[in-house]
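Trainee:
2 protein chains.
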Amino acid sequence: MSASRKVVELFYDVLSPYSWLGFEVLCRYRNVWNIDLRLRPTLLSGIMQGSGNKPPGLVPNKFLYMAKDLGRSARYFDVPLVTPADVAHVMFVKGSLSAMRLLTAVSEKDLGQETRVEKLSRELWMRIWNRDEDITQPASLSEAALKAGISRQEVEELLQIITSQPIKDKLKSTTQEAMNHGAFGLPMTVCHISGKPEMFFGSDRFELMAHCIGEKWVGPQPMASRL
Amino acid sequence: MSASRKVVELFYDVLSPYSWLGFEVLCRYRNVWNIDLRLRPTLLSGIMQGSGNKPPGLVPNKFLYMAKDLGRSARYFDVPLVTPADVAHVMFVKGSLSAMRLLTAVSEKDLGQETRVEKLSRELWMRIWNRDEDITQPASLSEAALKAGISRQEVEELLQIITSQPIKDKLKSTTQEAMNHGAFGLPMTVCHISGKPEMFFGSDRFELMAHCIGEKWVGPQPMASRL
């Protein structure tokens with residue numbers, strides 16, 4: 001089976017709530033569709049700056065709709081998403097640089113093994129997009145990493161290396177890779193089909209994505225038939 | 001059955017290609033879902049101006065993605081969409097004011113009877129988004145209307161009244177109604193559920209829409225089980 005498995009890359013940032021929806025759905029489908037899912041921690045602010053895109057929330061009607069759409073989609077997708085009280089401050093002032101560097105560092109250590117990247121991503125999302133907690137301070141990152149099952153000793157080591165040049169560069173190069181695929185926001189999913197990348201933006205193209213990779217979309221709660 | 005039919009309003013402009021996708025899908029589902037579909041010709045440029053929204057194509061990566069996504073979606077939805085050669089000129093210089101006034105006039109004449117509005121909308125979309133033909137000149141509008149089965153005499157009459165104040169005002173008031181529902185672009189679908197309007201933007205929320213109105217989404221080509 002593995003020879004024919006299609007590589008599907010998910011470029012995401014824990015700052016992005018639609019990324020959370022896409023992440024949970026693809027993690028659920030990882031064993032339903034014949035895919036090799038690769039989690040790619042990316043910096044949203046780098047994508048927005050690089051593409052010249054503006055946050056949708058700057059248009060008042062779009063902001064109101066997004067709040068509504070997010071709530072409705074999160075319930076339908078069964079993701080416990082709760083918008084932080086001061087979402088503008090959380091997204092545009094505090095940001096996610098350290099958090100995404102931490103995920104990059106774990107991803108680099110665990111090459112090809114994504115269990116801890118998945119767990120840590122979810123813990124970070126639970127902090128910011130469920131409990132309205134900080135994800136910028138070392139203590140916050142440490143707490144999320146411990147909950148994700150990383151040992152205290154390794155957490156301390158990780159918090160040291162997230163400001164090292166190789167980790168900074170790796171997050172930059174992943175973000176650049178997303179840009180090269182045509183990103184202008186996150187999440188972005190790239191399906192590699194017969195050597196050709198097919199890019200999907202957002203968390204509302206799963207049905208089309210399934211069609212493109214020759215699989216079936218059966219809604220946000222599939223039975224993991226290939227488990 | 002009719003007592004429990006949910007009113008679903010589609011606000012659209014023939015200038016908008018995603019509106020075409022939404023229009024065809026809802027026309028197909030009109031007899032599959034227990035809904036009373038109401039076609040609401042709206043002016044896209046009015047919505048963009050009123051909401052302060054900017055066309056997505058201004059961000060280069062978004063423009064490239066939209067072209068790709070539109071092609072992929074149109075094939076999946078089986079709508080014969082072909083992008084006009086000079087799409088910026090067609091959308092931002094020529095526009096759709098007369099065409100949407102003509103649809104408004106037919107809609108006003110046929111209150112509650114939407115067959116001709118549906119046919120004429122499709123003919124206009126075929127001109128602009130399939131054959132790259134004009135939709136601004138009286139001869140173009142006339143040709144589309146004749147193809148939609150409207151008599152030559154009535155077409156002449158319609159072309160007279162599209163510059164009358166009541167028709168201008170009606171298109172304005174429909175556009176304002178869409179704004180009041182929170183529009184920032186088109187298509188916008190409003191489902192009236194127990195007296196409460198639920199707004200959906202774009203042509204990628206049908207699965208969620210189905211869930212909200214208690215119906216089932218079975219992909220873009222449903223069998224019309226209630227025909």
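First to last, the sequence lines map onto chains A and B. Counting from 1, position 146 in the first sequence corresponds to residue 146 in full-length UniProt numbering; the numbering is continuous, with no gaps. Counting from 1, position 193 in the second sequence corresponds to residue 193 in full-length UniProt numbering; the numbering is continuous, with no gaps. We put the beta carbon where it would ideally sit given N, CA and C, even for glycine.
Is there a C-beta anywhere in chain A that falls below 8 Å from the one on B:Ala183?
Mentor: True, the Cβ-Cβ gap to chain A drops below 8 Å.
Trainee: Interface residues of chain A around B:Arg28 at Cβ under 9 Å?
Mentor: The premise fails here: B:Arg28 is roughly 15 Å from chain A at the closest Cβ pair, so nothing lies under 9 Å.
Trainee: Ignoring anything shorter than 3 residues, give me the beta strand (DSSP E) runs that lie fully in the segment 137-193 of chain A, in order along the chain.
Mentor: Correct list: 188-193.
Trainee: Determine, using beta carbons only, whether B:Gln221 comes closer than 8 Å to chain A.
Mentor: False, the Cβ-Cβ gap to chain A never drops below 8 Å.
Trainee: For A:Gly214 and chain B, any beta-carbon pair shorter than 8 Å?
Mentor: No, its Cβ sits nowhere closer than 8 Å to a Cβ of chain B.
Trainee: Is DSSP giving A:Lys196 helix, strand or coil here?
Mentor: It is a strand residue.
Trainee: Would you report the Cα separation of A:Asn34 and A:Arg5, rounded to the nearest angstrom?
Mentor: Each residue's Cα considered, the two are about 5 Å apart.
Trainee: Is there a Cβ from chain B that is less than 8 Å from the Cβ of A:Gly71?
Mentor: It does not: the Cβ of A:Gly71 has no partner Cβ on chain B nearer than 8 Å.
Trainee: Just reading off the beta strand (DSSP E) that A:Pro41 is part of, what are its end residues?
Mentor: Start and end: Ile35 to Pro41.
Trainee: Within the 8 Å Cβ cut-off, does A:His89 reach chain B?
Mentor: By this cut-off, A:His89 is not an interface position.
Trainee: May I have the straight-line CA-CA distance separating A:Gly219 from A:Phe77, to the nearest angstrom?
Mentor: When rounded, the distance between both Cα atoms is 8 Å.
Trainee: Which one of A:Lys68, A:Leu10, A:Arg101 and A:Gln153 has the shortest CA to CA distance from B:Gly182?
Mentor: Ranking the options by Cα distance to B:Gly182, first place goes to A:Lys68.
Trainee: CA-CA distance, B:Ser203 and B:Ser73?
Mentor: Roughly 9 Å separates the two Cα atoms.
Trainee: Is it the case that the segment 47-61 of chain B contacts the segment 113-125 of chain B, given that we only count it when at least three CB pairs across the two stretches are under 8 Å?
Mentor: Contact between the segment 113-125 of chain B and the segment 47-61 of chain B is absent, because fewer than three Cβ pairs lie under 8 Å.
Trainee: Can you give me the start and stop residues for the beta strand (DSSP E) that A:Glu9 sits inside?
Mentor: From DSSP, the beta strand (DSSP E) with A:Glu9 extends over Lys6 to Tyr12.
Trainee: My understanding is that A:Ala105 touches A:Ile161, with C-beta atoms under 8 Å, so please give their C-beta distance in whole angstroms.
Mentor: That belief holds up - the Cβ atoms of A:Ala105 and A:Ile161 are roughly 5 Å apart, short of 8 Å.
Trainee: Taking just the CA atoms, how far does A:Ser19 sit from B:Tyr18?
Mentor: About 23 Å.
Trainee: I want to verify the contact list: residues of chain A whose CB lies under 9 Å from the CB of B:His192, in sequence order.
Mentor: In chain order: nothing, as chain A lies at least about 16 Å away.
Trainee: Compute the Euclidean distance between the alpha carbons of A:Thr83 and A:Arg152, then round it to the nearest angstrom.
Mentor: Approximately 30 Å, taken between the alpha carbons.
Trainee: Which two residues bound the contiguous alpha helix (DSSP H) that contains B:Ser45?
Mentor: Run containing B:Ser45: Leu44 to Ser51, per the alpha helix (DSSP H) assignment.
Trainee: Sorted by chain position, which residues of the same chain lie with C-beta nearer than 8 Å to residue 228 of chain B's C-beta, five sequence neighbours on each side aside?
Mentor: As shown, chain B starts at 1 and ends at 227. That puts residue 228 of chain B outside it, with no answer to give.
Trainee: Which chain B residues are close to A:Arg205, counting only those with a beta carbon under 9 Å from its beta carbon?
Mentor: Near A:Arg205 (Cβ distances below 9 Å), the residues of chain B are Asp69, Arg72, Ser73 and Asp204.
Trainee: Can you check DSSP and say which residues form a bridge with A:Asp92?
Mentor: Per the sequence shown, residue 92 of chain A should be read as Phe rather than Asp. A:Phe92 pairs with nothing; no bridge assigned.
Trainee: For B:Phe201, which residues in chain A fall below 7 Å Cβ to Cβ?
Mentor: Residues of chain A passing the Cβ test: Tyr65.
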